[in-house]
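Reviewing the structure listed below.
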Amino acid sequence: MVIKVEKGSPKLKMTVDEKKFQAWYKPIAKERGLDKNPDAKEHHYDYRAAFAKGQGPDKTGHWPSENKSESHPRKIVNGVNTITGKKVK
């Protein structure tokens, strides 16, 4: 099944094969102790966007900030919006 994803950035519109996404997400969730539900609001992260873009965590385990939700607790770090990379006034 293919689904349209419109989460995270309002500009983000992509098609994701749900079966492939779940096969990708399941071992990541298990390894990292994440909720089995990739859409759990506690994630504050759009894993489908990361999957569609071929992204994953870096060597430190940090995921690309561009897929953070607007409600992410670390959206603003040291006066910088980590999603956009712009300084916050």
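Start counting the sequence shown at 1347; every next residue gets the next number (the working numbering).
Don't be surprised by glycine CBs; every beta carbon is placed ideally from N, CA and C.
All values reported here derive from a predicted model rather than from experimental measurement.
Span of the alpha helix (DSSP H) holding residue i?
i: His1368; result: Residue 1368 is actually Gln in this sequence, not His. Note, Gln1368: alpha helix (DSSP H), Glu1364 to Arg1378.
i: Arg1394; result: Tyr1393 to Ala1398
Quick check on this structure: which residue in the options has the alpha carbon closest to the alpha carbon of residue i?
i: Ala1386; options: Ala1398, Tyr1371, Gly1400 and Glu1377; result: Tyr1371
i: Glu1377; options: Phe1367, Glu1388, Gly1407 and Gln1401; result: Gly1407
i: His1390; options: Val1423, Ser1415 and Val1434; result: Ser1415
For residue i, count neighbouring C-beta atoms within 10 Å of its own C-beta (all shown protein chains included) and say buried if the count is 16 or more, exposed if not.
i: Arg1394; result: buried
i: Ala1396; result: buried
i: Pro1419; result: exposed
i: Val1459; result: The question about residue 1459 has no answer here: the residues shown for the chain are numbered 1347 through 1435.
i: Asp1392; result: buried
i: Pro1373; result: exposed
Report all residues from its chain with a CB closer than 7 Å to the CB of residue i; omit the five preceding and five following residues, and keep chain order.
i: Pro1403; result: Trp1409
i: Gly1333; result: What the structure shows of the chain is the stretch from 1347 to 1435, and residue 1333 is not part of that stretch, so it cannot be assessed.
Excluding the 5 residues preceding and the 5 following residue i in the sequence, name in chain order all residues of the same chain whose CB lies nearer than 6 Å to its CB.
i: Ser1355; result: For Ser1355, the pLDDT reaches just 46, beneath the cut-off of 50, and the residue's location in the model is therefore unreliable, although a value from the coordinates is still provided. Hits under 6 Å: none found.
i: Pro1384; result: Tyr1371 and Tyr1393
Apart from the five residues just before and just after residue i, which ones in its own chain have a Cβ nearer than 8 Å to its Cβ?
i: Glu1388; result: Asp1381
i: Ser1417; result: Lys1387 and His1390
Inset, instruction - For the region 1423–1430 and the region 1407–1415, state whether three or more C-beta atom pairs, one from each stretch, are separated by less than 8 Å. - result: With a cut-off of 8 Å, the region 1407–1415 and the region 1423–1430 count as touching, because enough Cβ pairs lie within range.
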